[in-house]
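Accompanying notes for the structure given below.
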Amino acid sequence: DTGVSQDPRHKITKRGQNVTFRCDPISEHNRLYWYRQTLGQGPEFLTYFQNEAQLEKSRLLSDRFSAERPKGSFSTLEIQRTEQGDSAMYLCASSLTQGANYGYTFGSGTRLTVV
Amino acid sequence: AQSVAQPEDQVNVAEGNPLTVKCTYSVSGNPYLFWYVQYPNRGLQFLLKYITGDNLVKGSYGFEAEFNKSQTSFHLKKPSALVSDSALYFCAVNRNAGNMLTFGGGTRLMVKP
Numbered sequence: 001d002t003g004v005s006q007d008p009r010h011k012i013t014k015r016g017q018n019v020t021f022r023c024d025p026i027s028e029h030n031r032l033y034w035y036r037q038t039l040g041q042g043p044e045f046l047t048y049f050q051n052e053a054q055l056e057k058s059r060l061l062s063d064r065f066s067a068e069r070p071k072g073s074f075s076t077l078e079i080q081r082t083e084q085g086d087s088a089m090y091l092c093a094s095s096l097t098q099g100a101n102y103g104y105t106f107g108s109g110t111r112l113t114v115v
Numbered sequence: 116a117q118s119v120a121q122p123e124d125q126v127n128v129a130e131g132n133p134l135t136v137k138c139t140y141s142v143s144g145n146p147y148l149f150w151y152v153q154y155p156n157r158g159l160q161f162l163l164k165y166i167t168g169d170n171l172v173k174g175s176y177g178f179e180a181e182f183n184k185s186q187t188s189f190h191l192k193k194p195s196a197l198v199s200d201s202a203l204y205f206c207a208v209n210r211n212a213g214n215m216l217t218f219g220g221g222t223r224l225m226v227k228p
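Chains as they are written, first to last, in the numbering used here: chain Z, 1 to 115; chain S, 116 to 228.
Listed below in structure tokens is the structure:
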């Protein structure tokens with residue numbers, strides 16, 4: 001296990017379609033985070049899980065966004081009825097508990113383009 | 116609330132010269148401070164962090180950062196820049212070992228040969 005994997009790397013979709021992204025964290029990491037990064041900006045926190053429990057989701061951008069981590073391993077981020085403003089890089093990160101102490105490892109991201 | 120400011124959109128430096136990328140933060144409680152680097156179309160790579168202890172933190176690739184509590188700053192430094200250091204650098208803060216990293220807007224570092 002060499003790091004955090006995200007799939008796909010790139011996704012082009014038409015406005016109004018649903019998309020789903022997958023993140024596979026480092027296997028021993030029990031925390032998993034989703035961030036969004038728009039062009040020219042720093043990453044923006046969306047949500048995070050500890051094992052299968054979603055402990056913070058108030059920062060998901062709208063009710064079109066949802067995330068799951070059903071078995072406490074991989075996670076999915078779904079965007080329903082995509083809009084052009086959803087075009088961004090979606091980053092996943094994982095950490096041990098108390099990530100600030102042990103560090104966060106980021107994946108390479110999924111770049112979404114909504115046309 | 117917590118926030119990070121990176122006042123420079125871009126820093127230009129000649130190869131071999133020292134570099135500084137500035138970061139100031141605002142947070143209630145104890146700050147946990149991080150620097151990450153991002154290459155084109157890639158995720159974030161960890162450079163270094165400050166949690167407690169010595170105010171001068173050494174990290175990857177020869178980078179270091181100095182925590183200054185009175186100035187609420189955490190500037191990134193390197194004694195001798197390389198062309199390969201050219202990338203986007205992000206400062207981030209986390210409050211009291213919390214779970215939400217707040218990032219600055221990023222600073223593009225350009226190292227000219």
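Virtual Cβ for every residue (Gly too), placed ideally from N, Cα, C.
Can you find a CB in chain Z that lies within less than 7 angstroms of the CB of residue i?
{"i": "S:R157", "result": "yes"}
{"i": "S:M215", "result": "yes"}
{"i": "S:G168", "result": "no"}
{"i": "S:G131", "result": "no"}
{"i": "S:G219", "result": "yes"}
To the nearest angstrom, report how far apart residue i and residue j are at their CA atoms.
{"i": "Z:M89", "j": "S:Q186", "result": "33 angstroms"}
{"i": "S:F178", "j": "Z:G16", "result": "44 angstroms"}
{"i": "S:H190", "j": "Z:C92", "result": "26 angstroms"}
{"i": "S:S201", "j": "S:K192", "result": "13 angstroms"}
{"i": "Z:D1", "j": "Z:T38", "result": "A caution first: Z:D1 carries a pLDDT of 49, below 50, which makes its placement in the model unreliable, though a value can still be read off. For Z:D1 and Z:T38, the distance between alpha carbons rounds to 28 angstroms."}
{"i": "S:P155", "j": "Z:S95", "result": "23 angstroms"}
{"i": "Z:F49", "j": "S:P228", "result": "44 angstroms"}
{"i": "Z:F106", "j": "Z:E44", "result": "13 angstroms"}
{"i": "S:N209", "j": "S:G144", "result": "10 angstroms"}
For residue i and chain S, any beta-carbon pair shorter than 7 angstroms?
{"i": "Z:D1", "result": "Since pLDDT at Z:D1 reaches only 49, below the 50 mark, its modelled position is unreliable, and the value read off the structure follows with that caveat. By this cut-off, Z:D1 is not an interface position."}
{"i": "Z:F106", "result": "yes"}
{"i": "Z:G85", "result": "no"}
{"i": "Z:L32", "result": "no"}
{"i": "Z:G109", "result": "yes"}
{"i": "Z:L77", "result": "no"}
(request) Count the C-beta pairs between the region 9-22 of chain Z and the region 72-88 of chain Z that are closer than 8 angstroms, then say yes if the count reaches three, no if not. (result) yes
(request) Could you run through the region 170-197 of chain S and flag, in chain order, every residue whose CB is less than 9 angstroms away from some CB of chain Z? (result) none
(message) By the 9 angstroms beta-carbon criterion, what residues does the region 41-71 of chain Z contribute toward chain S?
(response) Q41, G42, P43, E44, F45, Y48, Q50, L55, E56, R59
(message) Three or more C-beta pairs under 8 angstroms: does that hold for the region 128-136 of chain S against the region 58-65 of chain Z?
(response) no
(request) Would you check if the region 159-168 of chain S and the region 118-126 of chain S touch, i.e. whether three or more CB-CB distances between them fall below 8 angstroms? (result) no
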